[in-house]
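Taking it in order: structure first as structure tokens, then the write-up.
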Amino acid sequence: MSGPTKASSNFTLRFHFERTGRLRFTSHLDMLRAFQRAFMRGKISIAFSQGFNPHPEFVIGMPLGVGTTSDAEYADLGMNIEMPTDQFVATLNANLPEGLRVLSAEYKHNKDNIMGKVDELRCLIKFEDAIPMKRIGDALSSLLSKSEVNVEKTTKKGKSVVEIRSKIREAQVLADSLIALRCDAGSHSTLSPDLFVGALWAEMGEAREPAYFTVHRTAILVEKDGRLVSPMEQAALN
Amino acid sequence: MNKLILPDSVLARVEKPARYTGGELNSVMKDAAEVEIRFAFCFPDTYEIGMSHLGMKILYHVLNERADTWCERVFAPWQDMELQMRERGVPLFGLESQEPISQFDLLGFTLQYEMSYTNILNMLDLAGVPLRSVDRLGGPFVCAGGPCAVNPEPLAPFVDFFMIGEGEEVINEVMDAYSAWKKSGAERIEFLKALTKVEGVYVPLFYDVEYKVDGTIKNFVAKDGAPQSIRKRIVRDLDNASYPDKVIVPFLDIVHDRIMLEIFRGCIRGCRFCQAGFIYRPVREKSPETLINLARDLIDNTGYEEIGLLSLSTSDYTCLEELATPLVDEMEERKVSFSLPSLRIDSFSIDLMKKAQKVRKSGLTFAPEAGTQRLRDVINKGVTEEDLFRSAKTAFEGGWSGVKLYFMLGLPTETMEDVDGIAELARGVLHIWYAVPKELRKKQLTLSVSASSFVPKPFTPFQWVAQDTGEMLRDKQMRLRDKIRDKKISFKYHESSISLLEAVFARGDRRVAEVLEAAWRKGCKFDSWDEHFKLELWLEAFKEAGIEPTFYANRVRDFSEKLPWDHIDVGVSKEYLMDEARLAVEEKITPNCRVECTACGANELGDEHCVCQEVAR
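Line by line, the protein sequences give chains A and B.
According to the numbering used here, the first sequence is numbered sequentially starting from 1.
According to the numbering used here, the second sequence is numbered sequentially starting from 239.
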């Protein structure tokens, strides 16, 4: 960030959107830009940061990987005026490219930013190859029965070992090649579906690289007073 | 329409998959069953480069305005993707429909630079379309246009027909001819025959070339009633021409990611090295009212955060103040920034730039092109040392701290004195910087000198000259590097062997097509990308084809020689170019079109909307 980043907005709107279709190959930065241009086209009066290089006060929570679709994306947007939420949704949808669609919007009154404040991720993992349900099921049972699962993670800084069993909240096989996963998400603890699939693959005793799989995000949840709620619920907004 | 031709596993593993998935805002989707003509607009380079090109946006718009036509975009896949496509047998496809272009009616390539030619062959091959016209018994017709089409000969065996001049003027006539031919059910050749009747269209099949023993052209003969000379087409009334108001907004960060507002075509200057300055004549402007309305519509329809004026020389737009002052104010309100390329630096432009770009006060570019006044007179670059120093002073005092100076090495008549002049000019700019009061110099100066190698181009007064050999160019580069040696000045120069190839293909005849194909077969592609350019393979290709590159690049042509592009008429007469060539040697300058009409011939192309009539009045 360059220059002071003091918020200048009077109102902050949180909105829920989905990403589908061809848009799954758009990177996080490209998505931010696509939204900013849609705000411009819709003449939505968004707030810009103060400073030498003003930026829209706009963040999308939990960047989606390339190739990932989602029903559960959330963004926070600074607004200059209090535009009615239904009008905001209609205007933005009229200006978004096919594949991005806003489902709802609410004004937010606390300081919790969607970037930092999430706790659980739910997603569907689907292998491109046909893998029988039983085969995945056996491997998954074996994986979940362990108290500790250490996997190697490659980051920009090099390789490190992370324990992932404690991050898996629930996993089940829904059909051939299809798994539903609930896991930790957010700044305190997070699990990337890649690491989960890597561990599962090892459990299946396969020597080759994991088969290609797609991830479809179904929910992101926030913990409020010991309860998991949608980021759009009043409990998460106030 | 979410179906993609490539599986996710491939797309997720290549660099920037959004290059191949389409679906951008304002991209045009049609029902394939509802249209009669499928057109693939092919840009022989990457998505990011091709999408930055205005000509594609204009033609995409014009073609898709037709109810009977669906125009889609195709770019050269990057090597990682090409590998995947070849491995899986996935043919080249249109971004919009994701369907193979081998099933389309027409493939249209834009020729922006010679070093993209191998990519054309590669794209045809990836599409599964035979490279040569004579081998295409069915399937799509292959056409081409753009600035390099003024010398179509190096691509003649591969391209069925060329459109010379401004595509939006001729393309509808071509589509109408195609539609009529398709309905008639006549043989393939009949469509090409019909095209010889359309002004501005060149069908190489109907011309035979004979060569003399010395390798030069003896005869160039038109057959089957094809015209002996093909005259360039232009849009006469640019102000009322169809211009896209809904351009595609890419997801990827492309090279020129902004709205391009074309303010005029052509250039009044007549710099003798500059092909664009001759082939885009005559100068035609758009009115400020049209442009302001267009700018508003484009911002509304795209949401772009930046708008740039486009022309060969912004400062020569006669209504610059009437256009820029209100536009900058309006755009500022809408938080849209404004870019003003190729602007002459004076107090007006400095004020304008300060307003337009509040933040980025870094780089300004000057192009003196040559180091001495003598050589600048030879090339008719109407810039003096005083002009440059005054501009630099104005810019530095205005808070700018970065200057790029562009030069060319190997210009006709250049001596080592001219080369040394570049270093002296750069040092002069350095002195200007130090002479500016310290309190106005907030940052460190960044001064860079960039020297490209001159490539003689068709339809310029230098079309007859020899290009410097690689050795000569390298000597000059080394000498300049030694002369500059100053920590405050950074010096860049271009690989001279790429310039040699450019020279061959810029002024080549039909025979160099063999070299092109041989080089592509050896694996040459993306030759304009330094990391992909393979000189050894090119040299092998020349050898195999039995062609000497020096014949095309480093040979002086006599005024009486038949040139490979003599059958193309861009409006500027050959006699005029000869006169200009003589004036160059005499170090005499030619006034610009607004000062005086020097009767180049291009006035015959235009009407009351062009600069020629303005001067006549």
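Cβ coordinates follow ideal geometry from the N, Cα and C atoms, glycine included.
Fair warning: this is a prediction, and the values are worked out from it, not measured in the lab.
If you draw a straight line from the C-alpha of residue i to the C-alpha of residue j, how long is it?
i	j	result
B/I617	B/L801	22 angstroms
B/Y555	B/V810	22 angstroms
A/V229	A/V222	5 angstroms
B/V597	B/D807	Here B/V597 scores only 49 on pLDDT, less than 50, and its place in the model should not be relied on; the value that follows carries that caveat. The straight-line gap from Cα to Cα measures roughly 46 angstroms.
B/D768	B/E733	8 angstroms
B/M423	B/P482	Checking the displayed sequence, the identity of residue 423 of chain B turns out to be Gly instead of Met. Distance between the alpha carbons of B/G423 and B/P482 is about 34 angstroms.
B/M267	B/L550	33 angstroms
A/I179	B/G405	53 angstroms
A/M1	A/G51	The predicted position of A/M1 is uncertain, since its pLDDT is 35 and thus under 50; no value can be drawn from it.
B/C835	B/G508	11 angstroms
B/F743	B/E778	16 angstroms
A/N238	A/A75	16 angstroms
B/V494	B/I287	Val is not the amino acid found at residue 494 of chain B; the sequence shown has His there. In a straight line, the C-alpha of B/H494 is about 8 angstroms away from that of B/I287.
Which residues of chain A have a Cβ atom closer than 7 angstroms to the Cβ of residue i, listed in chain order?
i	result
B/R255	A small fix is needed here, since residue 255 of chain B is Pro in this sequence, not Arg. Going along chain A in sequence order, the residues near B/P255 (Cβ under 7 angstroms) are F25, V66.
B/S247	E128, Y212
B/D538	R41
B/L242	R22
Comparing C-alpha positions only, which one of the options sits nearest to residue i?
i	options	result
B/F313	B/M289, B/P390, B/R628, B/L433	B/M289
B/I736	B/P787, B/I358, B/R749, B/D713	B/P787
B/D452	B/V273, B/E842, B/R793, B/S549	B/R793
A/G67	A/L77, A/E209, A/L23	A/L23
B/Q701	B/M413, B/S417, B/K812, B/G261	B/K812
A/G226	A/S27, A/A236, A/C183	A/A236
B/E635	B/F604, B/Y672, B/D615, B/A664	B/Y672
B/G640	B/T684, B/E818, B/R534, B/F697	B/T684
B/I455	B/D446, B/G438, B/T707, B/K461	B/D446
B/P442	B/A418, B/S467, B/F277, B/Y449	B/S467
B/L738	B/I275, B/K420, B/P694	B/P694
B/D615	B/T552, B/R510, B/I670, B/D713	B/R510
B/R759	B/Y814, B/I275, B/L362	B/L362
B/A496	B/I545, B/I530, B/A460, B/K642	Checking the sequence shown, residue 496 of chain B turns out to be Arg, not Ala. B/R496 has its Cα closest to that of B/I545, out of B/I545, B/I530, B/A460, B/K642.
Compare the C-beta of residue i against all C-beta atoms of chain B and say whether one is closer than 7 angstroms.
i	result
A/M40	yes
A/P97	yes
A/A34	yes
A/D176	no
A/F17	no
A/R22	yes
A/R217	no
List the endpoints of the continuous beta strand (DSSP E) containing residue i.
i	result
B/F281	275-281
A/H16	11-19
B/H805	Premise fails: B/H805 is in no beta strand (DSSP E) and is neither H nor E.
A/Q172	168-175
B/P606	601-607
A/R227	227-229
Between residue i and chain A, is any beta-carbon pair separated by less than 7 angstroms?
i	result
B/T259	yes
B/G332	no
B/V266	no
B/L499	no
B/F263	It is Leu, not Phe, that sits at residue 263 of chain B in the sequence shown. Cβ-Cβ to chain A under 7 angstroms: yes for B/L263.
B/V597	The pLDDT assigned to B/V597 is 49, lower than 50, so where the model puts this residue is not dependable; a value taken from the coordinates is nonetheless given after this. So yes, B/V597 belongs to the interface.
B/A270	no
B/A250	yes
B/F576	no
Cβ closer than 8 angstroms: which chain B residues qualify as neighbours of residue i?
i	result
A/F48	K573
A/D30	A256, F489, L490, D491
A/R37	L263, V487, T540, G541, Y542, E543
Please list the partners that residue i has in chain B, where partner means a Cβ-to-Cβ separation under 9 angstroms.
i	result
A/G205	Simply none; closest approach about 22 angstroms.
By the criterion of Cβ-Cβ separation under 7 angstroms, what are the contact partners of residue i in chain B?
i	result
A/G78	Residues of chain B passing the Cβ test: none, with the nearest at roughly 14 angstroms.
If you follow the alpha helix (DSSP H) that residue i is in, where does it begin and where does it stop?
i	result
B/K295	292-303
A/F196	193-203
B/I722	708-722
B/F789	787-791
B/W671	654-673
B/D246	246-249
B/Y416	405-422
B/W308	No alpha helix (DSSP H) holds B/W308; the beta strand (DSSP E) holding it covers 307-313.
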